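Asker: Count along the sequence shown starting at 1, add 1042, and that's the number in the numbering used here. For glycine and all other residues, C-beta sits at the position ideal for the given N, C-alpha and C. Keep in mind the model is a prediction, meaning the values are calculated, not measured. Sharing a structure below in C-alpha cells format, with a few things to ask.
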Amino acid sequence: MICAVAGMTADANILINYARQAAQRYLLTYNEDIPCEQLVRRLCDLKQGYTQHGGLRPFGVSFIYAGYDPQREFQLYQSNPSGNYGGWKATSVGANNASAQSLLKQDYKEDCDLKEACGIAVKVLSKTMDSTKLSSEKIEFATVGKTKDGRIYHHLWGADEITTLLKEHDLAKDETGADGDRIVS
1043 MICAVAGMTA
1053 DANILINYAR
1063 QAAQRYLLTY
1073 NEDIPCEQLV
1083 RRLCDLKQGY
1093 TQHGGLRPFG
1103 VSFIYAGYDP
1113 QREFQLYQSN
1123 PSGNYGGWKA
1133 TSVGANNASA
1143 QSLLKQDYKE
1153 DCDLKEACGI
1163 AVKVLSKTMD
1173 STKLSSEKIE
1183 FATVGKTKDG
1193 RIYHHLWGAD
1203 EITTLLKEHD
1213 LAKDETGADG
1223 DRIVS
C-alpha cells in the first residue's frame, strides 16, 4: 500500500509508523498481508480517537491510500483528520480539493487505462495548482499495478518520467537559459 499526504508531515510520519507496525503485527499473527481497508480502518480509528479526548490535538493530516489485496483487488481510499474514510475511484486531498474533485467527476471514465488516468491526473493538477506550468520539482507521482505474471508493484516516478508525462500533455514548465535559449523541463 502507498499513500499521499496533505497536511502536517510530522503527524503523517507518526501515523505511517503506526500503520507499518499494524501491518507487521497482522503479518506476524496471520502470516498474510493485512487487507487494505482493515489497515485504513485501524489508522482512522486512531485518528478519530484523538478527536474525542480533551488535551489531545487531532492529527492534522489527510491521506489518499492506494493498494491491492486478493479479496477486493485494487483499492483507493481517502481519509480526513477526523478519522472519516471512504473508498473512491478517483479522489484528491489538499488545497483546491473541491475544484479537483469536480474535474475528476467530469473527466474520469470507468474503463480508462493507466496512461489515460495519469493524463487526467496531470490535467487536474494543472488546473488546480497555483502555478501556470507544472514541473517535476512541484509534483510527485506513484502508481500501483499488476505485472503480467500477477505480481503487484508500487512505482514512484522519477523526475524524468514526470517531465515526459508533462511534455506529452503540453503542461511542462518553460524556462529560459542564461544565454536566452528556451529550455523546456
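What did DSSP end up calling residue 1111 once you bin it into helix, strand or coil?
Answerer: In the structure shown, the three-state DSSP call for residue 1111 is strand.
Asker: Can you look up residue 1188 in the DSSP assignment and give me helix, strand or coil?
Answerer: strand
Asker: According to DSSP, is residue 1154 helix, strand or coil?
Answerer: The DSSP-derived three-state label of residue 1154 is coil.
Asker: Inspect the beta-carbon positions of residue 1078 and residue 1120 and report whether they are closer than 9 Å.
Answerer: At the C-beta level, residue 1078 and residue 1120 stay beyond 9 Å of one another.
Asker: Here's a check: name, in chain order, each residue in its chain whose Cβ is nearer than 7 Å to the Cβ of residue 1221, leaving out the five neighbours to either side.
Answerer: With a pLDDT of 47 at residue 1221, under the threshold of 50, the modelled position of this residue cannot be trusted, and the question is left open.
Asker: Can you tell me where the beta strand (DSSP E) holding residue 1046 begins and where it ends?
Answerer: 1044 to 1049
Asker: Here's the rule I'm using: 16 or more other beta-carbon atoms within 10 Å means buried, otherwise exposed. How should residue 1112 be labelled?
Answerer: exposed
Asker: Residue 1137 by DSSP, collapsed to three states: which one?
Answerer: coil
Asker: Using the Cα positions of residue 1102 and residue 1171, report the straight-line distance between them to the nearest angstrom.
Answerer: 21 Å
Asker: With H, G and I counted as helix, E and B as strand and the rest as coil, what does DSSP make of residue 1181?
Answerer: coil
Asker: Mind checking who residue 1124 pairs with in its DSSP beta bridge?
Answerer: The partner list for residue 1124 (beta bridge, DSSP) is empty, contrary to what the question assumes.
Asker: In three-state DSSP terms, what is residue 1068?
Answerer: Look at residue 1068 here: in three-state DSSP terms it is helix.
Asker: Examine the Cβ distances between the region 1084 to 1095 and the region 1133 to 1151 and report whether three or more of them are shorter than 8 Å.
Answerer: no
Asker: Should residue 1056 be labelled buried (16 or more other beta-carbon atoms within 10 Å of its own) or exposed?
Answerer: exposed
Asker: Determine the closest residue to residue 1166 out of 1134, 1177, 1179 and 1152, with distance taken between C-alpha atoms.
Answerer: The residue with the shortest Cα to Cα distance from residue 1166 is 1134.
Asker: Suppose the cutoff is 7 Å on Cβ atoms and the five residues either side in sequence are ignored; what does the same chain contact list for residue 1223 look like?
Answerer: Note that residue 1223 has pLDDT 47, beneath the 50 cutoff, so the model's placement of it is unreliable and no number is given.
Asker: State the beta-bridge partners of residue 1104 as determined by DSSP.
Answerer: 1048
Asker: Secondary structure at residue 1076, three-state DSSP: helix, strand or coil?
Answerer: coil
Asker: What are the boundary residues of the beta strand (DSSP E) that includes residue 1198?
Answerer: For residue 1198, the enclosing beta strand (DSSP E) stretches over residues 1194 to 1198.
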